[in-house]
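Trainee:
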Amino acid sequence: MAVLGPLTATPAAQSAQAAPATRTAQEAQVSGRNTHTVVTWGAAAERQGAGPADRGYRLIVRTSVGGTDLRIRLSNAFGDHPVTFASAYAGLRKQGAELVRGSNRRLTFGGAASVTVPAGETVLSDPLPGRLAAESDLVVSLYVTGAQGATTGHGMAMQTSYAAAGDHTAEEGAANWSDPMGSWYWLDAVSVETPARIGAVVTLGDSITDGWASSTDGNRRWPDYLSRRLQAASGGTVKGVANEGISGNKVLADGAGESALNRLERDVLSQPGVSTVFLFEGINDIKAHTGVTADDLIAGYRRIIDRAHTAGKCVVGATVMPFKGWYEYDDEAEAVRRGVNDWIRNSGALDAVTDFDRITRSPYDQQRILPFFDGGDHLHPNDKGMQAMADAVDLSALRCAR
């Protein structure tokens, strides 16, 4: 069994981790009935424009929880035609588009090296034997053939991935991966096998959750900081984190991606091993000035909470952050925000509340984000703000008795 090791290992350790190894007793237990599948990375699927019919994609993603038997989920949710993945590999990144030597391994689908996914469908790879460490820079390389029309992907990755002409998926070098890109394509989830007690949290949000104004290639979105806290915490059972933010997303209306209500099943509830939904949306409904009231948003929140509870998930909600200084701010929108936040804090409808508003607002003008946390547009927090948000989450509140 080849072992996928951590990116931070020394070169000597990396070579050892990539070498064949004997399955330990602990790993044998992980493959047994006391385990289950947990999402370790996710990105919300969106409709993207048409791309080349034949292209290679080398996608860089940062995992959360570690485990064995890695699987990837490929999505053609927004495609109008079938798409064929002629080749797929998974490995560990060394730097840029270069992989750790010996880590790149072929993925299969029902035992086959290629798979065709019909329009509107998704597919899971077969489990890849071996152990993937927590907080790894995972590289998924895909060669897509015969693509037509709209593609499925995630537009604002805040991470540089790479494209290539032709099939170079098996290569560990970077020479042929010369086309950098700022979006992910086709890949929308990665999962691993963990002990059954381990669960995951899915962050359902907009551009703030998606990471706008955080450092590109730095993994400094607030869910990234949350993941690092969860991996470091002893005794906790929530370890997986899937970031399902979409820039511009709304609770009630489609537009920048399907609304939170319409994408809840695909992006959140369908993910394996999820114990908690972290709901942090609403600012785009408010600032759009489409007539949405606090009562309208509250009704939307209740529908999300009810559906998540019916699925057996805990729901943690976060207050909507201040945005005075953003060009769409006015007193009417601010009144809706205050009404929504009052309900989030005091209704009791949520299993727990994280008060992002209180954490990020200026003490001198509570309608404004604290300048130290301001990413520059008075709406999106910078890296320091992202970290403060993650630090405000009560880790124990991510698991409830449900």
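Heads up: the sequence shown runs through residues 930 to 1331, numbered per my numbering.
We put the beta carbon where it would ideally sit given N, CA and C, even for glycine.
#1: If E1244 sits next to D1280, beta carbons under 8 Å apart, how far is it from one beta carbon to the other, in whole angstroms?
#2: Only counting the same chain, and skipping five residues up and downstream in sequence, which positions put a Cβ closer than 8 Å to that of E1336?
#3: Whole angstroms are fine: how far does the CA of I1233 sit from the CA of S1276?
#4: Name the two residues that bound the continuous alpha helix (DSSP H) containing I1212.
#5: Quick check on S1325: buried or exposed, where buried means 16 or more other Cβ atoms within 10 Å of its Cβ?
#6: Does DSSP put I989 in a helix, a strand or coil?
#7: If you draw a straight line from the C-alpha of S1002 to the C-alpha of E1257, how long is it?
#8: Does the ligand FMN have even one heavy atom less than 7 Å from the beta-carbon of S1291?
#9: Taking C-alpha atoms, which residue in T1166, S1070, T969, R1331 lies nearest to G1114?
#10: Where does the unbroken alpha helix (DSSP H) through T1232 begin, and where does it stop?
#11: How long is the line joining the alpha carbons of S1032 and G1020, rounded to whole angstroms?
#12: In this structure, does DSSP put K1313 in helix, strand or coil?
#13: For V994 and K1168, which I take to be in contact (beta-carbon distance under 8 Å), what is that distance rounded to the nearest angstrom?
#14: So, with DSSP's three-state summary, where would you put I1288?
#15: Taking 8 Å as the threshold, find out whether the region 1173-1185 comes into contact with the region 1134-1143 through three or more Cβ pairs.
#16: Less than 7 Å between C-beta atoms, sequence neighbours within five positions excluded: which residues of the same chain meet that for P1152?
#17: Could you give the distance in angstroms between the alpha-carbon of A1094 and the alpha-carbon of G1082?
#18: Just verifying my parser: in three-state terms, what is the DSSP assignment at L1053?
#19: Exposed or buried, which one is D1135 when buried takes at least 16 other CB atoms within 10 Å?
#20: Within the continuous beta strand (DSSP E) that includes E975, where are the two ends?
#21: Under 8 Å, with one C-beta from each stretch per pair, do the region 1217-1236 and the region 1106-1125 reach the 3-pair mark?
#22: Grab me the residues of H1238's own chain with a C-beta within less than 8 Å of its C-beta, minus the 5 sequence neighbours each way, in chain order.
#23: For the region 1032-1050 against the region 1002-1015, are there 3 or more C-beta pairs whose distance is under 8 Å?
#24: Runs of 3 residues minimum, wholly inside the region 1043-1092: which ones carry the beta strand (DSSP E) assignment?
#25: Within the continuous alpha helix (DSSP H) that includes T1098, where are the two ends?
#26: For D1135, which beta-bridge partners are listed by DSSP?
#27: Pick helix, strand or coil for I1127, following the three-state DSSP scheme.
#28: By Cβ distance below 6 Å, which residues in the same chain neighbour R976 in space, the five residues on each side in sequence not counted?
#29: May I ask you to report which of helix, strand or coil DSSP gives P1152?
#30: Measuring alpha carbon to alpha carbon, tell me which of D1055, P1047, G1304 ends up nearest W1255.
#31: Candidates L1061, F1302, F1301, R987: which alpha carbon is nearest A1104's?
#32: If you draw a straight line from the alpha carbon of I1298 to that of V1029, how long is it in whole angstroms?
#33: Out of A1321, D1214, V1249, A1026, point me to the one whose CA is closest to T1089's CA.
#34: State the DSSP-derived secondary structure class of D1117, mapped to helix, strand or coil.
#35: Helix, strand or coil: which one does DSSP assign to Q1296?
#36: State the DSSP-derived secondary structure class of A1161, mapped to helix, strand or coil.
Mentor: Looking at the atomic coordinates:
#1: Start at 1 with the first residue of the sequence shown, and residue 1244 comes out as number 315. Start at 1 with the first residue of the sequence shown, and residue 1280 comes out as number 351. This sequence places Val at residue 1244; Glu is not what is there. For V1244 against D1280, the beta-carbon gap comes to about 5 Å, under 8 Å, which counts as contact.
#2: Absent from the structure is residue 1336, since the part of the chain shown begins at 930 and ends at 1331.
#3: Walking along the sequence shown from the start, residue 1276 turns up at place 347. Walking along the sequence shown from the start, residue 1233 turns up at place 304. So the alpha carbons of these two residues sit roughly 15 Å apart.
#4: Along the sequence shown, one-based indexing puts residue 1212 at 283. Unbroken alpha helix (DSSP H) run through I1212: 1212-1216.
#5: Position 396 of the sequence shown holds residue 1325. So S1325 ends up on the exposed side.
#6: Reading the sequence shown from its first residue, position 60 is the one you call residue 989. Looking at I989 - three-state DSSP - the assignment turns out to be strand.
#7: By 1-based counting over the sequence shown, the position of residue 1002 is 73. By 1-based counting over the sequence shown, the position of residue 1257 is 328. Checking the sequence shown, residue 1002 turns out to be Arg, not Ser. Cα to Cα, R1002 sits roughly 37 Å from E1257.
#8: This structure lacks the ligand FMN, and indeed carries no ligand of any kind.
#9: Taking the sequence shown and counting its residues from 1, one reaches residue 1114 at position 185. Per the sequence shown, residue 1114 should be read as Tyr rather than Gly. Ranking the options by Cα distance to Y1114, first place goes to S1070.
#10: Mapped onto the sequence shown, residue 1232 falls at position 303. Before going on, a small fix: residue 1232 reads as Arg here, not Thr. Where R1232 is concerned, the enclosing alpha helix (DSSP H) stretches over 1223-1239.
#11: Translated into the one-based positions of the sequence shown, residue 1032 becomes position 103. Translated into the one-based positions of the sequence shown, residue 1020 becomes position 91. Between S1032 and G1020, the C-alpha separation is close to 5 Å.
#12: Here the question's residue 1313 lines up with position 384 in the sequence shown. Helix.
#13: Taking the first residue of the sequence shown as position 1, residue 994 is located at position 65. Taking the first residue of the sequence shown as position 1, residue 1168 is located at position 239. Confirmed, Cβ separation roughly 4 Å.
#14: If you number the sequence shown from 1, residue 1288 lands on position 359. DSSP places I1288 in helix when its eight states are reduced to three.
#15: yes
#16: The residue you call residue 1152 lines up with position 223 of the sequence shown. Excluding sequence neighbours, P1152 sits near T1132, T1138, V1170, N1172.
#17: As a first step, residue 1094 must be located in the sequence shown, where it is residue number 165. As a first step, residue 1082 must be located in the sequence shown, where it is residue number 153. Whole-angstrom Cα-Cα distance: 19 Å.
#18: As a first step, residue 1053 is located in the sequence shown; it is residue number 124 there, counting from the start. The answer is strand: DSSP assigns L1053 an E or B state.
#19: Your numbering for residue 1135 matches position 206 in the sequence shown. In this structure D1135 is buried. Its beta-carbon is surrounded by 16 or more other beta-carbon atoms within 10 angstroms.
#20: Working through the sequence shown from its first residue, we reach residue 975 at position 46. That run of the beta strand (DSSP E) goes 975-977.
#21: No contact exists between the region 1217-1236 and the region 1106-1125.
#22: Here residue 1238 refers to the residue found at position 309 of the sequence shown. Excluding sequence neighbours, H1238 sits near V1244, R1331.
#23: Yes, they touch.
#24: If only uninterrupted beta strand (DSSP E) runs of at least 3 residues are considered, those enclosed by the region 1043-1092 are 1044-1046, 1051-1053, 1057-1061, 1066-1074, 1080-1083.
#25: One-based indexing of the sequence shown puts residue 1098 at position 169. Segment: none, T1098 is in no alpha helix (DSSP H) and carries neither H nor E.
#26: Here residue 1135 is taken as the residue at index 206 of the sequence shown, counted from 1. Note: D1135 sits in no beta bridge, so no partner.
#27: For the purposes of this step, residue 1127 is taken as residue 198 along the sequence shown, with counting starting at 1. Looking at I1127 - three-state DSSP - the assignment turns out to be coil, as it is neither helix nor strand.
#28: Taking the first residue of the sequence shown as position 1, residue 976 is located at position 47. Excluding the 5 residues flanking it on each side, R976 has same chain C-beta neighbours closer than 6 Å at F1007, A1079, in chain order.
#29: Translated into the one-based positions of the sequence shown, residue 1152 becomes position 223. P1152 falls in the helix class under three-state DSSP.
#30: Residue numbering aside, residue 1255 sits at position 326 when the sequence shown is read from its first letter. Ranking D1055, P1047, G1304 by Cα distance to W1255 puts G1304 first.
#31: Residue 1104 sits at position 175 when you count from the first residue of the sequence shown. The shortest C-alpha separation from A1104 is found at R987.
#32: In the sequence shown, the residue the question calls residue 1298 occupies position 369. In the sequence shown, the residue the question calls residue 1029 occupies position 100. Cα-Cα distance, rounded: 41 Å.
#33: One-based indexing of the sequence shown puts residue 1089 at position 160. Per the Cα distances, A1026.
#34: Taking the first residue of the sequence shown as position 1, residue 1117 is located at position 188. Reduced to three states, the DSSP call for D1117 is strand.
#35: By 1-based counting over the sequence shown, the position of residue 1296 is 367. Here DSSP, grouped into helix, strand and coil, assigns Q1296 to coil.
#36: As a first step, residue 1161 is located in the sequence shown; it is residue number 232 there, counting from the start. Looking at A1161 - three-state DSSP - the assignment turns out to be helix.
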